[in-house]
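Per my numbering, residue 444 is the first one in the sequence shown, and the count goes up by one each step.
Please read the structure below before turning to the comments.
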Amino acid sequence: MVLGTQEIRQSCIASWRIMRGETEALQQFDLSADGFWRSFLVIFLLLPFYLLSLIAEHALMVEHFAMQGQENAELAVGGFQLYLGKFLSLFVDWITFPIFVGFLAGSLGLKRNYGPYIIVRNWSTLIILLPQTVLYLLYMAGIIPSELLVMLTFPIIGWVLWYRFQIARVAGGCSFSISIGLVVLDLVLSILISASFTRLFA
């Protein structure tokens, strides 16, 4: 069970079309049971992007501590433990939301479209990471300052939430209120998991 180049390309194009509200783009995904489980392998495609984000976030924290005049700023924000905790939280987050939604699918009216919803959500993460990755690269290259990086991150977060909403509407066939609820649930779970692992590995 591997991801081929053609499937990656086709699923990314379809994810972009879903963002634009094109329901027919669903047919570009492999919506079979095998396609469902294979979509979880997307996490391995995310790892390089995630590592870059951790490096950039670590650099931001070091810069923050250094500006405060704190000595040994690199040590103050953690090292290997920080990275280990973040990667573990990524894997836990990756499977927790689908499990939660799986249990709630019946009451959410998502039982029929649960598979397509999760498949699109998994694949769309590749598209979602692109804007922030570009910002991190610009910051690491010294092209933009940390202040501008932080400022530009906020509209990207808003776009991500809207994109998740579109996925619930188009792929999940959910109502407006259920779509909002799924976005909030996704966000809250991610925050709780990240905070828990940060405290555990601090």
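By construction, the Cβ of each residue, glycine as well, lies at the ideal position given by its N, Cα and C atoms.
Bear in mind the structure is a predicted one, so any value in this text is a computation, not a measurement.
In the DSSP assignment, find the unbroken alpha helix (DSSP H) run with residue i in it and report its ends.
i	result
Ala584	Note, Ala584: premise wrong, no alpha helix (DSSP H); not H, not E.
Asp477	Ala476 to Ser482
Val626	Phe619 to Leu643
Thr448	Thr448 to Met462
Leu595	Ser589 to Val613
Would you call the CB atoms of residue i and residue j closer than 8 angstroms?
i	j	result
Gly545	Ile621	no
Ala611	Val627	no
Ala476	Tyr560	no
Gln609	Gly464	yes
Leu578	Leu604	no
Leu497	Leu572	no
Trp537	Ser482	no
Phe540	Leu632	yes
Leu503	Ile562	no
Can you give me the C-alpha to C-alpha distance between residue i and residue j, rounded to a whole angstrom?
i	j	result
Tyr493	Glu467	30 angstroms
Gly601	Leu569	17 angstroms
Met462	His501	31 angstroms
Ser637	Lys529	7 angstroms
Ser550	Phe619	15 angstroms
Met438	Cys455	The question about residue 438 has no answer, for the chain in this structure spans 444 to 645.
Ile599	Pro574	7 angstroms
Gly624	Leu547	12 angstroms
Ile451	Phe479	14 angstroms
Gln453	Val445	15 angstroms
Arg460	Ser589	32 angstroms
Gly558	Ile542	12 angstroms
Ile634	Gln449	33 angstroms
If I measure Cβ to Cβ from residue i and keep anything under 7 angstroms in the same chain, skipping five residues before and after, which residues do I get?
i	result
Leu531	Phe640
Ala499	Tyr579, Tyr582 and Met583
Leu643	Gly528
Leu592	Leu578 and Tyr582
Arg607	Val626 and Asp629
Tyr526	Leu497
For residue i, I'd like the list of residues in its chain whose CB is within less than 6 angstroms of its CB, leaving aside the five on either flank, ordered along the chain.
i	result
Ile587	Leu581
Ala457	Ala468, Gln471 and Phe472
Asn556	Gly615 and Gly616
Arg564	Ile610
Val535	Ile636
Ile646	Nothing about residue 646 can be reported from this structure: the residues present for the chain run from 444 to 645 only.
If I measure Cβ to Cβ from residue i and keep anything under 8 angstroms in the same chain, skipping five residues before and after, which residues do I get?
i	result
Thr576	Phe492, Leu495 and Ser496
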